[in-house]
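> Before I ask anything, here is the structure I am working with.
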Amino acid sequence: MKFKKTDLNEVLKTLAREYTVFAPIVENEEKKFMPWAESKDVEMEGLNTIKPPKDVLFPNVEKMYRYKMGLEGFIEEIFPEDTKRILFGIRPCDMRSIDSMDKVFLTKEYVDSYYAKRRDDATIVAFGCTEAGRTCFCESMGLNPNDAPSADVMMNVSADGEDYVLEARTEKGEELVKKLEGLITDGGEAKKDTKCSLVINKAEDLDKKLAKMFEHPIWDKVTKGCIGCGTCTFVCPTCYCFDIDSENYGAEGCKYRCWDSCMFSDYTRLAGGANPRPTKKERLRNRYMHKLSYFNERYGETLCVGCGRCVEKCPAHLDISEFIEKASAAELGKEDK
Amino acid sequence: MAIDHECSCSKNPLVPTLCKVIDVKQETPDVQTYTIQTVDGKKPFSPLPGQLAMISLLGVGEAMFSITAQGDDYIQSSIKRTGLLTEAFHEMQPGQQIGVRGPYGNHFPIDDFKGKDILFIGGGIGIAPVRSLIRYCLEHREDFGHLDILYGARSMNDICFKEDCLENWPKAPDTNVYITTDVPSEGWDGHVGFVPSYIEEVGFKPENKKVALCGPPIMITLSSASLLKMGFKKEDVITTLELRMKCGIGKCGRCNIGSKFVCLDGPVFSLAELDELPDEK
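Line by line, the protein sequences are chains L and V. Heads up: the first sequence begins at 9 in this note's numbering, then just goes up one per residue. Heads up: the second sequence begins at -3 in this note's numbering, then just goes up one per residue.
Here you go:
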């Protein structure tokens, strides 16, 4: 199936009648996922957005419940409404990140109700990259920049560059495509030849190797430049840590959760002041280990998708791709059990 | 230890139940025990020994605590004044409304303990989780062999659960109680000294015995060393960990040690299991 590139706005307009459509929109020279409106400037191709689209499913700040103490005390859940959404045009790295978030929020004994509602209500149209940024290395992490296997609909530019080619892969995807009747025609050959600009040497079993490298001297070196600003966790599509706090007025208020960062010292600080991760070395080690080893052990896949955002945005030029290469090549010493 | 809890997936696991504190007991100068019920007078939930509750003073904060005891219509938590939130807890009066969710985490391996002699070791407020297990064993007395309870507090005034430690437990069938204080105190004619050396002094035998060991990190480290020296196996020494927690259900990220989350996969681990985790405790 395909539709003409020139019909893109018509397609979005049709979908926006029933859903809130989040699309890659350029505003003030920055591309980000925002609710689409006809006046907005959509840019499907070009580089990926600076911020990942994770906040559509896992908002930066989210109210959880309101409460009142006293005679008529109550605790009342605040549940997300109006979450019937389409995420239109997210890249394969970001789709793969959502697969990982699904594992965190929807498996292992407990289902996170807030995430589950947003996720159930979302239909995701992934878009194959047509251009790679200078820090894109998803292929080295086992992804394909042209294809997102778990998307509801996969969309690519056609070989002749005139159309967008669609493939519905799930029931949700088929339902979405049905709504585009009249705009869509059969056929179309997808162009799928985009390559990452950054290719790194990653050891096949890096996750298992890192599990033995907790005390390795590599950590002293790689963590040297880190200033603990948390930018990496903010732009990371798979960072999902959150804090819980409240906005309180006298005897009533509202509890919310918000993104947190493992790069901050108070993240693990206990009452009384003890901290199991007291310096940037322990904190960055935990972040890299979580992405490349711990998550593999717990959920069976790596948590770094190679989107390159943290590499691009780190003010101290820390580079996880460089770390992956160094750790892959590192020799194990006697302290590495 | 396998995860085995009442799964709250059917409702929102992050939203607490409104409860009230029906009794506040001053155990020591800095420890209080709160008896907690739902606002309509029911038991919030039925935890297994060692499980945790997320207790919030709405508007101040929320933190994870062990559940030291339970009855037909209540649960109890003993909380030491240590930081901002616990400071506020200590201002509470009976009738105070709080949010409670749980039970969280795994529990002491009671099935493995059956038929065995048990050595309970508590240091400071670490006696609180151990007490949930002691109470369980005393309620199911015929399932367990000989019981030894060794508890160390800073001074006589700092002994928690004085009634249990000094009156009830010493009278329990086939149970020995050893109390020690770090420093001598006026009116205290019991043992004085630290827990690890007292363990060695008493000379517990490792045969057919399981150990439940809770306390501050340094006390766990040194007591473990003493027990291993005395011939106890790492598989037979069970302890609990404590880290900062927010969600309690293994999602929010902060209480991991390696690939394990203390709130969900713990807090109960054997020394053998801890050996498998990175040294970040």
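A virtual CB, placed ideally from N, CA and C, is assigned to each residue, including glycine.
Name the DSSP bridge partner or partners of L/Lys263?
L/Tyr73 and L/Ser254.
> Rounded to whole angstroms, what's the CA-CA distance from L/Ala349 to L/Pro61? Just pull it up for me.
Residue 349 of chain L lies beyond the stretch modelled for chain L, which goes from 9 to 345, so this question has no answer here.
> Mind checking L/Thr57: buried by the 16 CB within 10 Å criterion, or exposed?
buried
> Have a look at L/Ser108, L/Phe222, L/Glu117 and L/Cys262 and flag the residue whose alpha-carbon is nearest the alpha-carbon of L/Phe66.
L/Ser108
> Give the range of the alpha helix (DSSP H) segment to which L/Val112 is assigned.
Pro100 to Leu114
> Contact criterion: CB-CB distance below 8 Å. Does L/Ala350 meet it with respect to chain V?
With chain L running from 9 to 345 in the structure shown, residue 350 of chain L is simply not present.
> Below 8 Å CB to CB, which residues in the same chain sit around V/Arg240 once its five sequence neighbours on both sides are set aside?
Around V/Arg240: Arg250 and Cys251.
> For V/Ile120 versus V/Gly211, is the C-beta distance shorter than 8 Å?
Looking at the sequence shown, residue 120 of chain V is not Ile but Gly. Yes. Within cutoff.
> For V/Pro125, count neighbouring Cβ atoms within 10 angstroms of its own Cβ and tell me buried if that reaches 16, exposed if not.
buried
> Beta-carbon separation of L/Met52 and L/Phe135 under 8 Å?
yes
> Please give me, in chain order, every unbroken run of the beta strand (DSSP E) with length at least 3 that falls completely inside the segment 119 to 177 of chain V.
143 to 149 and 171 to 177, all fully within the segment 119 to 177 of chain V.
> Within 10 angstroms of its Cβ, does V/Leu146 collect 16 or more other Cβ (buried), or is it exposed?
buried
> Given this structure, state the Cα-to-Cα distance separating L/Cys144 from L/Val313, to the nearest angstrom.
10 Å
> So, at 7 Å on beta carbons, what are the nonlocal neighbours of V/Ala84 in its own chain, with the 5 sequence-adjacent residues on each side left out?
Leu53 and Val56
> Measuring alpha carbon to alpha carbon, tell me which residue in L/Met163, L/Asp120 and L/Ala324 is nearest L/Glu70.
L/Asp120
> Would you give the residue range spanned by the alpha helix (DSSP H) that L/Ile328 belongs to?
Ile328 to Ala337
> Of the residues L/Met221, L/Thr22, L/Asp15 and L/Asn68, which one's Cα is nearest the Cα of L/Lys186?
Of the candidates L/Met221, L/Thr22, L/Asp15 and L/Asn68, the one whose C-alpha sits nearest the C-alpha of L/Lys186 is L/Thr22.
> Please confirm if L/Glu305 has its CB atom under 8 Å from at least one CB of chain V.
yes
> Determine which residues of the segment 58 to 83 of chain V have a Cβ less than 8 Å from any Cβ of chain L, and write them out in chain order.
Glu58, Ala59, Thr78, Gly79, Leu80, Leu81 and Thr82
> Can you find the residues in the same chain that come closer than 6 Å, C-beta to C-beta, to V/Ser181, ignoring five residues on each side of it along the sequence?
Ser151 and Met152
> So that I know if they touch, is there some Cβ in chain L lying closer than 8 Å to that of V/Ser42?
no
> In chain order, which alpha helix (DSSP H) runs of at least 4 residues are fully inside the segment 78 to 115 of chain V?
For the segment 78 to 115 of chain V, whole alpha helix (DSSP H) runs of length 4 or above, ordered along the chain, are 80 to 85 and 106 to 109.
> For V/Asp160 and V/Gln72, I'd like the C-alpha separation in whole angstroms.
14 Å
> Using a threshold of 8 Å, state whether the C-beta atoms of L/Ala130 and L/Arg93 are closer than that.
yes
> Give, in chain order, every residue of the segment 207 to 220 of chain V whose Cβ lies closer than 9 Å to some Cβ of chain L.
Pro213
> If we count Cβ pairs, one from each stretch, closer than 8 Å, do we get three or more for the segment 8 to 19 of chain V versus the segment 84 to 95 of chain V?
yes
> Going by the DSSP bridge assignment, what does L/Arg291 pair with across the sheet?
Bridge partners of L/Arg291: none, in fact.
> Quick one: is V/Ser42 buried, meaning 16 or more other Cβ sit within 10 Å of its Cβ, or exposed?
exposed
> Roughly how far, in whole angstroms, is the beta-carbon of V/His187 from the beta-carbon of V/Ile175, given that I think they are within contact range, below 8 Å?
7 Å
> DSSP on L/Leu95, reduced to helix/strand/coil?
Strand, per DSSP.
> Taking V/Ile63 as part of the alpha helix (DSSP H), name the residues at either end of that continuous run.
Taken as a continuous stretch (DSSP letters only), V/Ile63 belongs to no alpha helix (DSSP H), as it is neither H nor E.
> Is V/Cys248 buried or exposed, if buried means 16 or more other CB atoms sit within 10 Å of its CB?
buried
> Have a look at V/Glu163, V/Phe104, V/Lys256 and V/Ser266 and flag the residue whose alpha-carbon is nearest the alpha-carbon of V/Pro274.
V/Lys256
> Would you mind working out which of V/Asp36, V/Ile51, V/Thr29 and V/Gly67 sits nearest V/Ile75, comparing C-alpha positions?
V/Thr29
> Would you say V/Leu245 faces chain L, with C-beta separation under 8 Å as the test?
Strictly speaking, residue 245 of chain V in this sequence is Ile, with Leu absent from that position. Judged by the 8 Å Cβ criterion, V/Ile245 is in contact with chain L.
> Name, please, each residue of chain L whose Cβ falls closer than 8 Å to the Cβ of V/Asn102.
Within chain L, no residue comes near V/Asn102; the closest Cβ sits about 11 Å away, beyond 8 Å.
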